[in-house]
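J.:
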Amino acid sequence: MWLCVYIVFVFLHGSTCVDLVYHVEEEKNIGTYIGNIASDSRLWNILSLKYRNLVTFNQLAQRPTRGSQLFNVTKTGKLFTIQTIDAESLCIYNTECFDIIKIALRHAQTFIKVLKVKIVIKDVNDNQPGFPIKAIDLKFDETNGKGTKKSLPNAVDKDVGILNSQIVYTLKKSNEPFSLTVSKRVDGTSKLDIVLGEALDRESVSDYYLQVIAKDGGSPPLQGVLDVHITVLDINDNAPVFTQEVYNVTIKHTHQRSMPVVVLSAKDRDSKENSKITYHFSSKTSDIAKHNFKLNDKTGEIFLLQRFFSEQLKNYKLFVEAKDGGNPPLSSIATVIVNLINQQNNAPEIDVNFVSEVQKNIAAISEGMKVGSFIAYVSVIDKDVGLNGEVHCTLNSEKFQLLNLGSNEYKIIIKKEVDREKQDHYSIKISCQDKGSPPLWTERKFSIQVIDVNDVQPHFTKDTFKFLTYENEEPNFPVGFINATDPDLGDGGQLLFSVINDNQYPVPFQITNYGFLSTTKALDREQSKSYVFKVSVSDNGTPPLNSTANIIVEVMDENDNAPYFTFPSVNPFSLDVHYHPQSKNDITVLRASDRDSRENAFLTFLILAGNNKQLFTINPHSGVLAFSRPVYQNDAGSYNLLLVVKDSGSPVLSATTTLSLTLTVSNRTSPMLTAAHIQSSDMIDINLVIIIVVTAVVISIAIVVIITICIVRCNRRRNMLHTAAMNPAMQPGREKCLMISQSNNPFAITQNPEEGVHHSTPSMRSRRDFCPEQELPVEWTSLTSPGKRLSASQACIQEVGMTSGRHERRFIATPDHYGSNVSPHKLQNSSQNKKDMSPYEEIPVVFCVLASKYGKY
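For reference, each letter of the sequence shown is one residue, going -17 to -1, 1 to 840 in mature numbering (1 follows the signal peptide of the UniProt record, and there is no 0).
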């Protein structure tokens, strides 16, 4: 039996070379359970229960070089840790960390087999990347250029896992001109460099503080920080700068020599030796100035060397150089002006020099000069110094301004735009006063004349003009009047109009120099319903000015296009129709079109001929051709229907077409049309009878009422005539009024005896009623030939719209007004146009008179 057990173990482990592999994380507590070797080796699957208790497991002792024992195996084959495992002390970087132990299997006292168990130790991210130092100081020079590098130490992560020991470097900064570069060395470590991105300026920033962050790839990641302090080394790249470029001081001749005349001060932005400053007189300083003044080279103080006794004004100009201690040294120079004053006080003197002087104290400017233009130079002379020589000047004008140039110098400029049309002359006064005690002042008066220029643009009374006109009229047909103004005088106020034509799409309109717009050819509304273009107006000034206005001309439609059928498209048109009891009444739909618009394009359809059996009907508006009654077998056959389409224009235009219709009838329909059917179809509808009777009654009552009123009025008129004949005091003009009321006068005059008031009822008026044959009270001398007057029969103005509370002036023209150029019915019946005319321009009377008299402008 023992031999059998041994053979089984040899077969399982010896022949198949089975090795058990376990995994355990580092840093686990002592006694951590790893696995059961007995069950994992499939031994229990072969041995029965009574033999399992006799099998024992023993761990073989390791060699001393392997270190201390990390694991322990119980007799029953359970594997535990016997100490805390640290992967970093057991394994090397970036390799698999494991330990192999050998387990001896025994059956009672008999040795069976040695199992090799591999225990893989899983690395835990328990070490953060660490730099060898916490902080490092680097130095960059101001002369270092872009791309200069400084090395940094790299970080080390003691973890042995690939991800746990993988380090990524980043640079934490805030707008500093540095960046971090990372490169790999041959041994796998990283090389870190701080790279300069742009030139440094120590005077702006002398120190930079950065942080290099090293982060590993563990979960969660750990990081280490290296503080980097960068110091910028100074070079002598800044020259000393004086607090003032010019020192202007004034001293009296009694000034003490122990007191400094002035103290100079200069600063240098460099550091150390590069910022140490000494002061020296420049070689440009005269020997006389050096003889009278002394300069302290350390403090910059200037003292008098001797006392002045002269009562006259003396000026000294000194040039002082400030030099730093750099190598090579840099320097700068300041000017010191020393004024010695006497005890006198003089009033200032004013001198004015004009850019354009007409005569003494009179300057001329153009009204086109812009604001800020220079017109005069003013210089003020005061021989005094100190407060006695400090002068303040003012100018009393809203249009002109006095600007200080320094050193008692001024200039006069235009403060606001001048307009010669409003004011052509300005009186100016300049007052200057010093700050002496007592203060002295001087005045200077002069005048400025404004010269006119063509500075006003012509202006249209509207931005957009809208007009209505007719199509199919002869050229030179009047369209409207366009008004523009220009306040300039002379040539600058003479206006010239022109139509702005697009070379690709020229507009058929022209305009005169007086603004009258007319056509150049007959218009066709079907080609263009409206025209949108621009009109330009320019004056005759130098340079000429111009402006533009938008013109919209809408063409009113005339019924000049007859309708035409679009279906049927050929004449005659053949159509086969098969009828059966289930057929619908609709046969087909006629289609027609008309190029005109509005009522001129409102179409109606009719059947003119070919419908003798009254079998067909057509909807006048939709054009649907249908059966008007039931269809019978004897209705079968051919029909030539003459169809017409009409528009609603004036005059009415129409078109016809013939529809050759062949009707076949199904056998299931009624056999034939009988007399009963005809009688039934010819019966009058009872509703129509009622309507006819009611209408006849209403008309009869109306006729009776009208006859009664006429009889009463005739009796009343006869009584009035009889009373007038019997009364000799009756006014002689009374009969004439009554006779006029019975004539063909366009106003029927009736009289109410009770009220004594005449009522006028408008009727159809003749041209003479609107335009009496008398001359107009106005002579158009500028537009017509001398001595000619325009009669009211040629042009007049009708007041309309009285009932709406407003007057609308509308041009009325008769056939002899325009001659052959204008259709009379269009001009006289223009009020019949249903379109709203309120947004359009009216044709002025003078314009219509000229058009009728001359034909062209």
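Using N, Cα and C, we set each Cβ at its ideal position, and we do this for glycine too.
No experiment lies behind these values; they were computed from the predicted model shown.
Are there three or more Cβ pairs, one per stretch, closer than 8 Å when the region 396 to 408 is compared with the region 366 to 382?
T.: A contact exists between the region 396 to 408 and the region 366 to 382.
J.: Quick check: the region 530 to 546 against the region 438 to 453, are there 3 or more CB pairs under 8 Å?
T.: Counting Cβ pairs under 8 Å, three or more are found: they touch.
J.: What is the rounded straight-line gap between the Cα of Tyr262 and the Cα of Ser134?
T.: The residue you call residue 262 lines up with position 279 of the sequence shown. The residue you call residue 134 lines up with position 151 of the sequence shown. So the two alpha carbons sit approximately 44 Å from each other.
J.: Output the boundary residues of the alpha helix (DSSP H) element that contains Asn275.
T.: Here residue 275 is taken as the residue at index 292 of the sequence shown, counted from 1. It spans Asp270 to Asn275 - the alpha helix (DSSP H) in which Asn275 sits, taken as one unbroken run.
J.: Extract the residue ranges of the beta strand (DSSP E) inside the region 495 to 576, only unbroken runs of 3 or more that lie entirely within it.
T.: Listed in chain order, the complete beta strand (DSSP E) runs (minimum 3 residues) inside the region 495 to 576 are 499 to 502, 513 to 522, 529 to 539, 547 to 550, 556 to 562, 569 to 572 and 574 to 576.
J.: Is it buried or exposed, Leu43, if we count other Cβ atoms within 10 angstroms and call 16 or more buried?
T.: By one-based count along the sequence shown, residue 43 stands at place 60. By the 10 Å Cβ count, Leu43 comes out exposed.
J.: Going by Cα to Cα distance, which pick from Gly351, Lys343, Val361 and Pro312 is closest to Asp334?
T.: Position 351 of the sequence shown, counting from 1, holds the residue named residue 334. It is Val361 whose Cα lies nearest to the Cα of Asp334.
J.: The alpha helix (DSSP H) that contains Ile20, what's its start and end?
T.: Along the sequence shown, one-based indexing puts residue 20 at 37. Segment Ile20 to Asp23, the alpha helix (DSSP H) holding Ile20.
J.: Name the two residues that bound the continuous beta strand (DSSP E) containing Ser414.
T.: The residue you call residue 414 lines up with position 431 of the sequence shown. Taken as a continuous stretch (DSSP letters only), the beta strand (DSSP E) holding Ser414 covers His408 to Asp417.
J.: What residue from Pro136, Ala584 and Thr93 has the CA that sits closest to Ile116's CA?
T.: The sequence position of residue 116 within the sequence shown is 133, counting from 1. Ile116 has its Cα closest to that of Pro136, out of Pro136, Ala584 and Thr93.
J.: Enumerate, from N- to C-terminal direction, the unbroken beta strand (DSSP E) stretches of 3 or more residues contained entirely within the region 197 to 266.
T.: Qualifying beta strand (DSSP E) stretches, in chain order: 206 to 216, 229 to 235 and 260 to 264.
J.: Less than 8 Å between C-beta atoms, sequence neighbours within five positions excluded: which residues of the same chain meet that for Ile20?
T.: Residue 20 sits at position 37 when you count from the first residue of the sequence shown. Leu3, Phe40, Val56, Gly60, Lys61, Leu62, Ile86, Leu98 and Val100.
J.: Can the beta-carbon of Asp199 be found less than 9 Å from the beta-carbon of Asn158?
T.: In the sequence shown, the residue the question calls residue 199 occupies position 216. In the sequence shown, the residue the question calls residue 158 occupies position 175. Contact flag unset, no.
J.: With DSSP as the reference, please indicate the residues paired to Ile285 in a beta bridge.
T.: The count along the sequence shown starts at 1 and reaches residue 285 at position 302. According to DSSP, Ile285 bridges with Val245 and Leu278.
J.: Please name the residue or residues paired with Cys376 in a DSSP beta bridge.
T.: Here residue 376 corresponds to residue number 393 of the sequence shown, with the count starting at 1. BP columns for Cys376 point to Cys415.
J.: If we ignore side chains and look at the alpha-carbon of each, how far apart do Pro634 and Met539 end up?
T.: Locating residue 634 in the sequence shown gives position 651, where the first residue counts as 1. Locating residue 539 in the sequence shown gives position 556, where the first residue counts as 1. When rounded, the distance between both Cα atoms is 16 Å.
J.: Alpha carbon to alpha carbon, what distance is there between Arg403 and Ser765?
T.: Here residue 765 is taken as the residue at index 782 of the sequence shown, counted from 1. Here residue 403 is taken as the residue at index 420 of the sequence shown, counted from 1. Because Ser765 carries a pLDDT of 32, less than 50, the predicted location of this residue cannot be relied on, and the following value inherits that uncertainty. So the two alpha carbons sit approximately 30 Å from each other.
J.: Using only the alpha-carbon positions, how far apart do Thr797 and Val676 sit?
T.: The count along the sequence shown starts at 1 and reaches residue 797 at position 814. The count along the sequence shown starts at 1 and reaches residue 676 at position 693. Its pLDDT being 34, under 50, Thr797 is placed unreliably in this model, and the value from its coordinates should be taken loosely. Computed Cα separation, rounded: 47 Å.
J.: Short check: CB of Leu589 to CB of Pro603, under 9 Å?
T.: As a first step, residue 589 must be located in the sequence shown, where it is residue number 606. As a first step, residue 603 must be located in the sequence shown, where it is residue number 620. Taking 9 Å as the Cβ cut-off, Leu589 and Pro603 qualify as a contacting pair.
J.: What span of residues does the beta strand (DSSP E) with Asn387 cover, start to end?
T.: Within the sequence shown, numbered from 1, the residue matching residue 387 stands at position 404. Its beta strand (DSSP E) spans residues Phe383 to Gly389.
J.: Once DSSP output is grouped into helix, strand and coil, what is the label at Ala679?
T.: Numbered from its first residue, the sequence shown carries residue 679 at position 696. In this structure, Ala679 counts as helix in the three-state DSSP scheme.
J.: Is the beta carbon of residue 844 sitting closer than 9 Å to the one on Gly207?
T.: Residue numbering for the chain in the displayed model covers -17 to 840; residue 844 lies beyond these limits and cannot be assessed.
J.: With three or more beta-carbon pairs closer than 8 Å as the criterion, would you say the region 231 to 239 touches the region 261 to 280?
T.: No: the two stretches stay apart, fewer than three of their Cβ pairs being nearer than 8 Å.
J.: Quick check: the Cα distance between Val341 and Ala347, rounded to an integer number of angstroms?
T.: The sequence position of residue 341 within the sequence shown is 358, counting from 1. The sequence position of residue 347 within the sequence shown is 364, counting from 1. Going by the C-alpha atoms only, they are around 6 Å apart.
J.: Comparing C-alpha positions only, which one of Pro421, Ala638, Ser187 and Leu586 sits nearest to Leu216?
T.: Here the question's residue 216 lines up with position 233 in the sequence shown. Looking at the Cα atoms, Ser187 is the closest of the given residues.
J.: Please name the residue, chosen from Val244, Thr233 and Phe225, that lies closest to Lys250 on a Cα-to-Cα basis.
T.: As a position in the sequence shown, residue 250 is number 267, starting the count at 1. Selected option, being the one with the closest Cα: Phe225.
J.: Spatial neighbours of Gly498 within its chain, please: C-beta separation below 7 Å, excluding the five flanking residues on both sides.
T.: Locating residue 498 in the sequence shown gives position 515, where the first residue counts as 1. Result list for Gly498: Phe464, Ile465, Asn466, Ala467 and Phe480, in chain order.
J.: Following the continuous beta strand (DSSP E) through Lys11, name the residue where it begins and the one where it ends.
T.: Taking the sequence shown and counting its residues from 1, the one referred to as residue 11 is at position 28. Per DSSP, Lys11 belongs to no beta strand (DSSP E) and is neither H nor E.
J.: Would Leu608 pass as a contact of Thr571 if the rule is Cβ separation under 9 Å?
T.: Residue numbering aside, residue 608 sits at position 625 when the sequence shown is read from its first letter. Residue numbering aside, residue 571 sits at position 588 when the sequence shown is read from its first letter. Yes; because the gap between Cβ atoms is below 9 Å, this pair is in contact.
J.: My output table needs one value for Val321: the three-state DSSP class, helix, strand or coil.
T.: In the sequence shown, residue 321 corresponds to position 338, counting from 1. If DSSP states are grouped into helix, strand and coil, Val321 belongs with the strands.
J.: Within this structure, are the beta carbons of Cys74 and Asp106 separated by less than 9 Å?
T.: Within the sequence shown, residue 74 is the residue found at index 91, counting from 1. Within the sequence shown, residue 106 is the residue found at index 123, counting from 1. Contact: yes.
J.: Looking only at DSSP bridge pairs, what is Thr647 linked to?
T.: Start at 1 with the first residue of the sequence shown, and residue 647 comes out as number 664. Its beta-bridge partners are His561.
J.: Inspect the beta-carbon positions of Leu179 and Thr131 and report whether they are closer than 9 Å.
T.: As a first step, residue 179 is located in the sequence shown; it is residue number 196 there, counting from the start. As a first step, residue 131 is located in the sequence shown; it is residue number 148 there, counting from the start. Contact flag set, yes.
J.: Within 10 Å of its beta-carbon, does Pro112 have 16 or more other beta-carbons around it, so buried, or fewer, so exposed?
T.: As a working mapping, residue 112 is identified with position 129 in the sequence shown. Flag for Pro112 reads buried.
J.: Can you tell me which of the three DSSP states Ile425 falls into?
T.: For the purposes of this step, residue 425 is taken as the residue at position 442 of the sequence shown. It should be noted that the sequence gives Thr, not Ile, for residue 425. Looking at Thr425 - three-state DSSP - the assignment turns out to be strand.
J.: Output the distance between the C-alpha atoms of Thr549 and Ile694, rounded to the nearest integer angstrom.
T.: Within the sequence shown, residue 549 is the residue found at index 566, counting from 1. Within the sequence shown, residue 694 is the residue found at index 711, counting from 1. Distance between the alpha carbons of Thr549 and Ile694: 59 Å.
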